[in-house]
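Colleague: Protein sequence lines correspond, in order, to chains A and B.
If you read the first sequence in UniProt numbering, its first letter stands for residue 1, the second for the next number, and so on.
If you read the second sequence in UniProt numbering, its first letter stands for residue 1, the second for the next number, and so on.
Using N, Cα and C, we set each Cβ at its ideal position, and we do this for glycine too.
All values reported here derive from a predicted model rather than from experimental measurement.
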Amino acid sequence: MGAGHAHVLYRESASPVHRLPPEVKIAAMVVFTLAVVATPREAFWAFGGYALLVAVVAALARVGPGWLLSRATIELPFVLFAVALPFLGAGERIDVLGLRLSSDGLLGAWNIIAKGTLGVLASLLLAATTTIRDLILGLDRLRCPQILTQIATFMLRYLDVLVGEARRMRVARVSRGDDPRFLWQLRGFAAGVGALFLRAFERGERVYLAMVSRGYTGRMPAVWQGTGAATAGQWLVASTVPVLAATIAATAVVLT
Amino acid sequence: METLAMHISNGIIDGPVAAVFAAIALAAMTVCVLRGRRDLDDRLAPMAGLVAAFIFAVQMLNFPIFTAGVSGHLLGGALAAMLVGPWVGALCVAVVLVVQALVFGDGGVAMLGLNITNMAVLGTAAAYLLIALLLRVLPRTPTGLAVTAFVSALVSVVVAAMGFVLQYQLGGTTDLGGNLAGLAGTMAGVHLLIGIGEGLITATTVVTVAKARPDLVYALRALKPAAPAPVPAVGGVR
């Protein structure tokens with residue numbers, strides 16, 4: 001993945017958040033999410049605080065609310081699960097707008113929607129400000145086992161190989177008179193899935209052997225690792241968000 | 001790209017249970033890293049990457065079951081166990097889950113332990129045990145291999161779904177009371193259907209690979225000792 005090899009969610013920019021080293025952002029995002037999840041669900045004000053933190057980081061990263069919200073629809077199935085909870089939940093019932101709903105279920109639904117949405121927004125912010133290459137570099141610097149970063153590196157590289165091969169096979173099919181439309185495409189796809197895998201593997205194997213013959217030993221070149229490791233100052237700057245979140249969580253736990 | 005979340009998201013299961021399963025997942029992943037290092041050679045490294053990419057791609061096909069609010073999707077644990085072995089296979093699935101959680105917000109970061117336990121550990125382990133058993137029992141034909149792949153994929157999907165039900169019983173944030181059995185039933189039914197789809201995809205893929213490049217299928221390699229490589233006679237054919 002050479003220059004400009006970003007993923008769909010990456011937003012090219014030069015904001016202060018983009019410039020932070022990836023390992024710092026990953027650590028901050030994970031701690032923030034843990035703090036959110038540890039917050040008791042009755043502490044409604046705490047979730048407002050978290051939302052404010054997310055909004056501030058998004059503004060700093062120059063990521064618009066429209067983009068964030070449209071991408072957050074990924075969470076939809078769980079929202080639906082949450083909507084079902086007030087009807088399914090056990091325990092005492094309360095009347096809301098003429099419906100007899102489980103109060104535990106209502107709180108549960110709020111819990112899932114609030115914590116789920118905050119988690120999704122946090123990871124979207126990470127994705128929007130970090131390229132895949134940097135992400136793996138960050139995991140590597142956080143002492144993630146090399147076998148995992150290696151698999152991740154190849155996975156992301158081969159996704160493009162897979163998509164490219166699928167496109168080539170489709171063009172080959174169409175040019176031989178097949179007319180794939182919505183459902184009928186499935187049959188051709190099912191018949192070709194094994195062939196697709198094999199073709200992608202053989203192409204991927206060539207990529208791998210080319211890398212090995214150029215000195216690849218399971219880790220990306222030192223040039224990538226050498227520069228840009230996080231300084232103490234950058235850790236300090238990025239830690240403001242998780243520290244604030246942890247403070248909110250601790251206060252909420254004490255208060256409830 | 002229109003994708004929907006499929007893994008357990010933040011807030012579904014409470015903190016302590018999530019922490020316990022995170023510890024279980026971490027321990028299992030440590031074992032896999034140690035054992036997987038031995039397996040990962042020049043042939044398996046690109047295969048592991050491709051299997052992970054393939055799983056990443058097929059997990060995008062998911063089947064939301066709106067009436068019940070539960071969604072299911074393909075897992076790929078059996079495919080991974082078949083092609084790269086249980087240790088590297090579990091790591092492949094785990095890598096997919098980690099990247100999805102970090103970058104796509106699919107599956108909460110705090111719930112990673114639960115998701116990894118269900119799909120990477122339980123799913124792959126169930127699949128590999130069945131593969132090891134069935135390959136010994138069934139005839140060594142493409143049909144036997146296809147049946148093995150199909151059954152192990154089907155069972156692994158249902159096992160992973162039941163893992164979620166167990167976790168929900170232990171630490172679901174909302175008490176469903178008698179509806180828990182309903183949740184278990186819905187999950188089992190939905191995942192049985194998904195398992196059939198997953199079984200078909202796994203079987204076609206594995207059989208195609210086994211026909212063209214049998215050396216690439218880990219499950220077949222592990223069974224019989226590798227045949228000694230034919231040594232070309234010096235001078236060759238005259």
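For a contact meaning CB atoms closer than 7 Å, what does threonine 33 of chain A contact in chain B?
Modeller: Position 33 of the first sequence, counted from the start, is the residue given in the question as residue 33 of chain A. Those are Asn10, Gly108, Val109 and Ala110, listed as they occur along chain B.
Colleague: How should leucine 121 of chain A be labelled, buried or exposed, when 16 other C-beta atoms within 10 angstroms of its C-beta is the threshold for buried?
Modeller: As a first step, residue 121 of chain A must be located in the first sequence, where it is residue number 121. It is buried - the Cβ of leucine 121 of chain A has at least 16 other Cβ atoms within 10 Å.
Colleague: Rounded C-beta distance between glycine 194 of chain A and methionine 169 of chain A? I'm assuming under 8 Å.
Modeller: One-based indexing of the first sequence puts residue 194 of chain A at position 194. One-based indexing of the first sequence puts residue 169 of chain A at position 169. Contact doesn't hold; Cβ gap of about 11 Å is too wide.
Colleague: Among B:Tyr218, B:Phe56, B:Val155 and B:Ala184, which residue has its Cα nearest to the Cα of methionine 155 of chain A?
Modeller: By one-based count along the first sequence, residue 155 of chain A stands at place 155. Comparing Cα positions, the closest option is B:Phe56.
Colleague: Can leucine 135 of chain A and leucine 102 of chain B be called in contact, C-beta distance under 9 Å?
Modeller: Working through the first sequence from its first residue, we reach residue 135 of chain A at position 135. Working through the second sequence from its first residue, we reach residue 102 of chain B at position 102. In this structure, leucine 102 of chain B lies closer than 9 Å to leucine 135 of chain A by Cβ.
Colleague: By a C-beta neighbour count over all protein chains shown, 10 Å radius and 16 as the cutoff for buried, is glutamate 23 of chain A buried or exposed?
Modeller: On the first sequence, residue 23 of chain A is found 23 positions in, with the first residue counted as 1. Flag for glutamate 23 of chain A reads buried.
Colleague: Do you know how far the Cα of leucine 198 of chain A is from the Cα of valine 254 of chain A?
Modeller: Here the question's residue 254 of chain A lines up with position 254 in the first sequence. Here the question's residue 198 of chain A lines up with position 198 in the first sequence. C-alpha separation (whole angstroms): 57 Å.
Colleague: Would glutamate 205 of chain A count as contacting chain B if we go by Cβ distances under 9 Å?
Modeller: For this step, residue 205 of chain A is matched to residue 205 along the first sequence. Chain B, which has a Cβ nearer than 9 Å to the Cβ of glutamate 205 of chain A, makes this yes.
Colleague: With 9 Å set as the bound, which would you pick, yes or no: does the beta-carbon of histidine 5 of chain A sit closer than that to a beta-carbon of chain B?
Modeller: Locating residue 5 of chain A in the first sequence gives position 5, counting from the first residue. Low confidence applies here, because histidine 5 of chain A scores a pLDDT of 47, under 50, leaving its location unreliable; read the following figure in that light. Not one chain B Cβ lies under 9 Å of histidine 5 of chain A.
Colleague: Determine the direct distance from the alpha carbon of valine 96 of chain B to that of arginine 41 of chain A, and round the result to whole angstroms.
Modeller: As a first step, residue 41 of chain A is located in the first sequence; it is residue number 41 there, counting from the start. As a first step, residue 96 of chain B is located in the second sequence; it is residue number 96 there, counting from the start. Each residue's Cα considered, the two are about 30 Å apart.
Colleague: Quick check on this structure: which residue in B:Leu26, B:Arg37, B:Gly182 and B:Leu145 has the alpha carbon closest to the alpha carbon of leucine 200 of chain B?
Modeller: By 1-based counting over the second sequence, the position of residue 200 of chain B is 200. That would be B:Leu145, whose Cα lies nearest to the Cα of leucine 200 of chain B.
Colleague: Grab me the residues of valine 20 of chain B's own chain with a C-beta within less than 7 Å of its C-beta, minus the 5 sequence neighbours each way, in chain order.
Modeller: The count along the second sequence starts at 1 and reaches residue 20 of chain B at position 20. Counting only Cβ-Cβ distances below 7 Å, and skipping sequence neighbours, we find nothing.
Colleague: Please list the terminal residues of the continuous alpha helix (DSSP H) segment that includes phenylalanine 54 of chain B.
Modeller: Your numbering for residue 54 of chain B matches position 54 in the second sequence. Note, phenylalanine 54 of chain B: alpha helix (DSSP H), 44–58.
Colleague: Could you give the DSSP three-state label for valine 70 of chain B: helix, strand or coil?
Modeller: Position 70 of the second sequence, counted from the first residue, corresponds to residue 70 of chain B. Caution is warranted here: a pLDDT of 49 is assigned to valine 70 of chain B, below 50, making its placement in the model unreliable, and no coordinate value can be reported.
Colleague: Per the contact definition of three or more C-beta pairs closer than 8 Å, is the segment 82–97 of chain B in contact with the segment 117–132 of chain A?
Modeller: The answer is no - the segment 82–97 of chain B does not touch the segment 117–132 of chain A, with fewer than three Cβ pairs under 8 Å.
Colleague: Is the beta carbon of alanine 110 of chain B sitting closer than 9 Å to the one on leucine 159 of chain A?
Modeller: Walking along the second sequence from the start, residue 110 of chain B turns up at place 110. Walking along the first sequence from the start, residue 159 of chain A turns up at place 159. Contact flag unset, no.
Colleague: Would you please state the rounded distance, in angstroms, between the beta carbons of alanine 160 of chain B and methionine 82 of chain B? I believe it to be under 8 Å.
Modeller: Position 160 of the second sequence, counting from 1, holds the residue named residue 160 of chain B. Position 82 of the second sequence, counting from 1, holds the residue named residue 82 of chain B. Rounded, the Cβ-Cβ distance is 16 Å, inconsistent with contact.
Colleague: What residues in its chain sit with their C-beta under 7 Å from that of leucine 20 of chain A, if we drop five residues either side in the sequence?
Modeller: As a working mapping, residue 20 of chain A is identified with position 20 in the first sequence. Once the five neighbours on either side are set aside, the close Cβ partners of leucine 20 of chain A are Gln234 and Ala238.
Colleague: Who are the neighbours of glutamine 150 of chain A on chain B, taking C-beta pairs under 9 Å?
Modeller: By 1-based counting over the first sequence, the position of residue 150 of chain A is 150. Under the 9 Å cutoff, chain B gives Leu40, Ala45, Ala48 and Gly49.
Colleague: I need the boundaries of the alpha helix (DSSP H) containing histidine 18 of chain A, first residue and last residue.
Modeller: Counting from one through the first sequence, the residue named residue 18 of chain A turns up at place 18. That run of the alpha helix (DSSP H) goes 16–19.
Colleague: Use the C-beta contact count for phenylalanine 201 of chain A: other C-beta atoms within 10 angstroms, 16 or more gives buried, fewer gives exposed.
Modeller: Against the first sequence, residue 201 of chain A aligns to sequence position 201. By the neighbour-count rule (16 or more Cβ atoms within 10 Å), phenylalanine 201 of chain A is buried.
Colleague: Taking all protein chains shown into account, decide if threonine 204 of chain B is buried (16 or more other Cβ within 10 angstroms of its Cβ) or exposed.
Modeller: For the purposes of this step, residue 204 of chain B is taken as residue 204 along the second sequence, with counting starting at 1. It is buried - the Cβ of threonine 204 of chain B has at least 16 other Cβ atoms within 10 Å.
Colleague: Would a check of beta-carbon distances place arginine 168 of chain A closer than 9 Å to chain B?
Modeller: As a working note, residue 168 of chain A is residue 168 in the first sequence. Closer than 9 Å: no.
Colleague: Please state if the CB of threonine 117 of chain B and the CB of serine 156 of chain B are separated by a distance shorter than 9 Å.
Modeller: As a working mapping, residue 156 of chain B is identified with position 156 in the second sequence. As a working mapping, residue 117 of chain B is identified with position 117 in the second sequence. No; because the gap between Cβ atoms is not below 9 Å, this pair is not in contact.
Colleague: Counting along the chain, where does the alpha helix (DSSP H) carrying glutamine 234 of chain A start and finish?
Modeller: The count along the first sequence starts at 1 and reaches residue 234 of chain A at position 234. Element bounds for glutamine 234 of chain A: 232–255.
Colleague: Among A:Thr153, A:Ala152, A:Trp45 and A:Leu244, whose alpha-carbon lies nearest the alpha-carbon of methionine 29 of chain A?
Modeller: By one-based count along the first sequence, residue 29 of chain A stands at place 29. For methionine 29 of chain A, the nearest C-alpha among the options comes from A:Leu244.
Colleague: Ordered along the chain, which non-local residues of its own chain (more than five positions away) have a Cβ less than 6 Å from that of threonine 67 of chain B?
Modeller: One-based indexing of the second sequence puts residue 67 of chain B at position 67. Its pLDDT being 41, under 50, threonine 67 of chain B is placed unreliably in this model, and the coordinates cannot settle the point.
Colleague: State whether the segment 182–190 of chain B contacts the segment 131–142 of chain B, with contact taken as three or more CB pairs (one from each stretch) at a distance under 8 Å.
Modeller: No, because fewer than three Cβ pairs between the segment 182–190 of chain B and the segment 131–142 of chain B fall closer than 8 Å, the two stretches do not touch.
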